[in-house]
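Just so you know, the sequences run in chain order B and R. Position one of the first sequence corresponds to residue 23 (my numbering), numbered consecutively onward. Position one of the second sequence corresponds to residue 103 (my numbering), numbered consecutively onward.
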Amino acid sequence: MNQTITVNRDLKADLKEQANRFRQRMSDQGTLVVNLVSSPGAGKTSLLQRTATKIGDEYRLAVLVGDLATDRDAERLKPYVPVQQLTTGGACHLEIPLVESGYERLNQSDLDILFIENVGNLVCPASHDLGEYLRVTLLSVTEGDDKPGKYPKMFRTSQAMVITKSDLLPYVPFDVSSAVEDARRIQPELDFLTTSSQTLAGVDEWCEFLVRQLRKIQK
Amino acid sequence: MHEYSVVRSLLRQVQEIARSNGGGAIETIRLAIGEFSGVECTLVELAFRDLAPEKIGRQAKLEIQNIPLEAKCENCQQNIIITNYQFCCPRCNSQQVRITAGDELTIIDIELREVGVNA
Numbered sequence: 023m024n025q026t027i028t029v030n031r032d033l034k035a036d037l038k039e040q041a042n043r044f045r046q047r048m049s050d051q052g053t054l055v056v057n058l059v060s061s062p063g064a065g066k067t068s069l070l071q072r073t074a075t076k077i078g079d080e081y082r083l084a085v086l087v088g089d090l091a092t093d094r095d096a097e098r099l100k101p102y103v104p105v106q107q108l109t110t111g112g113a114c115h116l117e118i119p120l121v122e123s124g125y126e127r128l129n130q131s132d133l134d135i136l137f138i139e140n141v142g143n144l145v146c147p148a149s150h151d152l153g154e155y156l157r158v159t160l161l162s163v164t165e166g167d168d169k170p171g172k173y174p175k176m177f178r179t180s181q182a183m184v185i186t187k188s189d190l191l192p193y194v195p196f197d198v199s200s201a202v203e204d205a206r207r208i209q210p211e212l213d214f215l216t217t218s219s220q221t222l223a224g225v226d227e228w229c230e231f232l233v234r235q236l237r238k239i240q241k
Numbered sequence: 103m104h105e106y107s108v109v110r111s112l113l114r115q116v117q118e119i120a121r122s123n124g125g126g127a128i129e130t131i132r133l134a135i136g137e138f139s140g141v142e143c144t145l146v147e148l149a150f151r152d153l154a155p156e157k158i159g160r161q162a163k164l165e166i167q168n169i170p171l172e173a174k175c176e177n178c179q180q181n182i183i184i185t186n187y188q189f190c191c192p193r194c195n196s197q198q199v200r201i202t203a204g205d206e207l208t209i210i211d212i213e214l215r216e217v218g219v220n221a
């Protein structure tokens, strides 16, 4: 006779609990955690450089930067903001244990905003809670305005979308309103902003958006 | 494409459950995979075929239960099936819908061979 053991357990229960504990701890200490996700090359690092230049004196920022290989993004960010590299060793996404150990290495408990620059990938990072308060998807105009519908989980689980490289809009067939419409069919409450890290258009609004979110935590 | 890590984690967990329940060989694992869980059933099966024999033995089978994406409309309270990821109530057109099923990745149960009995 075989024996059936009823389990009914979420396969990711431990990771989800760890993520919830981290989120609570960060909120309690007044740190806004922002998980930045996008395709490779959408401009996460550039936007973070601009953000640090803009509000890095006024607010205490730090970045955990995830990559499969190399510390190129971390090196790019170092002149602007405290940064810790998270190397996934080939994995296509970050998981909470890696994030939490990177956070401990930062050794800064007084942060206002902790950015997590996820691995460039619109698929797998959607399924991994990193204990963030805010998930922001970047979509660069060269990727095409049809992407939200093609990566529904990423947009469904995000609270905001930043359309990047807006300086290239005159040269590419990207319709901002149809991208937003497509995304809001999946996530009706999605906030959206448009930025260019080259001309700095929209960077002020992005920073104001972050500060508004920070105030919700530090009320 | 993180099905290999999902299956590695699955195998670790079922080994633990089998150990704490007498250590019989694992015959069957029943896994619920939601349409919106972010993992692809076919790839989970492939990864299982690849990894399971060495970890838990060749006898172990994986049974996958597919869970469709379901939601409840916050406006008219209708339970709905979401198709093509259009998060919109077909009855009242509201977009205020809350996912109620379809994002799970759950070990339902495992079947263990009685200890001392050979296959």
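Ideal placement from N, C-alpha and C gives every residue a C-beta, glycine not left out.
Residue from the options whose Cα sits closest to the Cα of residue i
{"i": "L222 of chain B", "options": "B:A182, B:Q181, B:Q71 and B:A148", "result": "B:Q71"}
{"i": "L207 of chain R", "options": "R:A120, R:N123 and R:E137", "result": "R:E137"}
{"i": "I166 of chain R", "options": "R:R132, R:S107 and R:G140", "result": "R:R132"}
{"i": "M23 of chain B", "options": "R:G126, R:Q115, R:R114 and R:L113", "result": "R:G126"}
{"i": "K157 of chain R", "options": "R:E105, R:R114 and R:Q188", "result": "R:R114"}
{"i": "T26 of chain B", "options": "R:S111, R:I184, R:Q117 and R:I128", "result": "R:I128"}
{"i": "D197 of chain B", "options": "B:Q209, B:K169 and B:G224", "result": "B:K169"}
{"i": "E118 of chain R", "options": "B:L37, B:V29, B:K38 and B:R45", "result": "B:V29"}
{"i": "D132 of chain B", "options": "B:R94, B:L144, B:K238 and B:S49", "result": "B:S49"}
{"i": "K38 of chain B", "options": "B:I185, B:I239, B:S149 and B:R237", "result": "B:S149"}
{"i": "H104 of chain R", "options": "R:C143, R:V116 and R:N177", "result": "R:C143"}
{"i": "D79 of chain B", "options": "B:G224, B:G65 and B:P104", "result": "B:P104"}
{"i": "I77 of chain B", "options": "B:N129, B:Q130 and B:V225", "result": "B:V225"}
{"i": "V194 of chain B", "options": "B:C114, B:V163 and B:M176", "result": "B:V163"}
{"i": "C256 of chain B", "options": "B:P147, B:D93 and B:C229", "result": "This structure gives no information on residue 256 of chain B, because the portion of chain B shown stretches from 23 to 241."}
{"i": "T110 of chain B", "options": "B:S123, B:Q240 and B:L69", "result": "B:S123"}
{"i": "E203 of chain B", "options": "R:S122, R:I135 and R:Q188", "result": "R:Q188"}
{"i": "M176 of chain B", "options": "B:A201, B:R206, B:L190 and B:V145", "result": "B:V145"}
{"i": "A205 of chain B", "options": "B:R127, B:P174, B:E227 and B:W228", "result": "B:P174"}
{"i": "T67 of chain B", "options": "B:R43, B:E97, B:L236 and B:K172", "result": "B:E97"}
{"i": "V116 of chain R", "options": "R:N186, R:A154, R:Q180 and R:V217", "result": "R:A154"}
{"i": "Q220 of chain B", "options": "B:N42, B:V56, B:G65 and B:R47", "result": "B:G65"}
{"i": "R215 of chain R", "options": "R:D152, R:T130 and R:A134", "result": "R:T130"}
Limits of the alpha helix (DSSP H) - the one that residue i falls within
{"i": "D204 of chain B", "result": "V198 to I208"}
{"i": "S218 of chain B", "result": "No alpha helix (DSSP H) holds S218 of chain B; DSSP gives it neither H nor E."}
{"i": "S149 of chain B", "result": "Here S149 of chain B belongs to no alpha helix (DSSP H), and DSSP marks it neither H nor E."}
{"i": "I212 of chain R", "result": "Counting along the chain, I212 of chain R falls outside any alpha helix (DSSP H), though it belongs to the beta strand (DSSP E) covering L207 to L214."}
{"i": "G78 of chain B", "result": "No alpha helix (DSSP H) contains G78 of chain B, which DSSP labels as neither H nor E."}
{"i": "R193 of chain R", "result": "Counting along the chain, R193 of chain R falls outside any alpha helix (DSSP H), and DSSP gives it neither H nor E."}
{"i": "S162 of chain B", "result": "First-last for S162 of chain B: L156 to S162, but that is the beta strand (DSSP E), not the alpha helix (DSSP H)."}
{"i": "I118 of chain B", "result": "I118 to L128"}
{"i": "I239 of chain B", "result": "V225 to I239"}
{"i": "I158 of chain R", "result": "C143 to I158"}
{"i": "G171 of chain B", "result": "K169 to K172"}
{"i": "A113 of chain B", "result": "Counting along the chain, A113 of chain B falls outside any alpha helix (DSSP H), and DSSP gives it neither H nor E."}
{"i": "A64 of chain B", "result": "It is not in any alpha helix (DSSP H) - A64 of chain B carries neither H nor E in the DSSP assignment."}
{"i": "D95 of chain B", "result": "R94 to L99"}
Beta-carbon proximity of residue i to residue j, cut-off 8 Å
{"i": "S60 of chain B", "j": "G142 of chain B", "result": "yes"}
{"i": "I118 of chain B", "j": "Q40 of chain B", "result": "yes"}
{"i": "I201 of chain R", "j": "L164 of chain R", "result": "no"}
{"i": "P192 of chain B", "j": "Q197 of chain R", "result": "no"}
{"i": "S199 of chain B", "j": "S218 of chain B", "result": "no"}
{"i": "V158 of chain B", "j": "V184 of chain B", "result": "yes"}
{"i": "L160 of chain B", "j": "L58 of chain B", "result": "yes"}
{"i": "V199 of chain R", "j": "A149 of chain R", "result": "no"}
{"i": "C178 of chain R", "j": "C190 of chain R", "result": "no"}
{"i": "C229 of chain B", "j": "T73 of chain B", "result": "yes"}
Rounded Cβ spacing between residue i and residue j (contact assumed at less than 8 Å)
{"i": "L215 of chain B", "j": "I135 of chain B", "result": "At roughly 16 Å, the Cβ-Cβ gap does not stay under 8 Å, so L215 of chain B and I135 of chain B are not in contact."}
{"i": "L90 of chain B", "j": "G112 of chain B", "result": "6 Å"}
{"i": "G169 of chain R", "j": "G204 of chain R", "result": "For the record, residue 169 of chain R in the displayed sequence is Ile; it is not Gly. Rounded, the Cβ-Cβ distance is 5 Å, consistent with contact."}
{"i": "L54 of chain B", "j": "Y155 of chain B", "result": "6 Å"}
{"i": "G116 of chain B", "j": "L152 of chain B", "result": "The sequence shown places Leu at residue 116 of chain B, rather than the Gly named in the question. That belief holds up - the Cβ atoms of L116 of chain B and L152 of chain B are roughly 6 Å apart, short of 8 Å."}
{"i": "C239 of chain R", "j": "I182 of chain R", "result": "This structure gives no information on residue 239 of chain R, because the portion of chain R shown stretches from 103 to 221."}
{"i": "R178 of chain B", "j": "I208 of chain B", "result": "5 Å"}
{"i": "A120 of chain R", "j": "I210 of chain R", "result": "Contact flag wrong, Cβ pair sits at about 15 Å."}
{"i": "L112 of chain R", "j": "L33 of chain B", "result": "6 Å"}
{"i": "L212 of chain B", "j": "Q181 of chain B", "result": "7 Å"}
{"i": "L108 of chain B", "j": "G88 of chain B", "result": "4 Å"}
Endpoints, beta strand (DSSP E) assigned at residue i
{"i": "M183 of chain B", "result": "A182 to T186"}
{"i": "F137 of chain B", "result": "I135 to E139"}
{"i": "N30 of chain B", "result": "Q25 to D32"}
{"i": "A203 of chain R", "result": "V199 to A203"}
{"i": "V105 of chain B", "result": "V105 to T109"}
{"i": "I182 of chain R", "result": "N181 to I183"}
Strand pairing of residue i, partner residues [DSSP]
{"i": "R47 of chain B", "result": "None, per the DSSP bridge assignment."}
{"i": "G136 of chain R", "result": "R:I169"}
{"i": "V55 of chain B", "result": "B:L136"}
{"i": "C175 of chain R", "result": "R:V199"}
{"i": "T130 of chain R", "result": "R:K163 and R:E213"}
{"i": "G88 of chain B", "result": "B:L108"}
{"i": "D213 of chain B", "result": "B:A182"}
{"i": "S111 of chain R", "result": "Note: S111 of chain R sits in no beta bridge, so no partner."}
beta-carbon residue i near the ligand FMN non-hydrogen atom, thresh 7 Å
{"i": "V141 of chain R", "result": "In terms of ligand content, the structure shown is empty, and the ligand FMN therefore cannot be addressed."}
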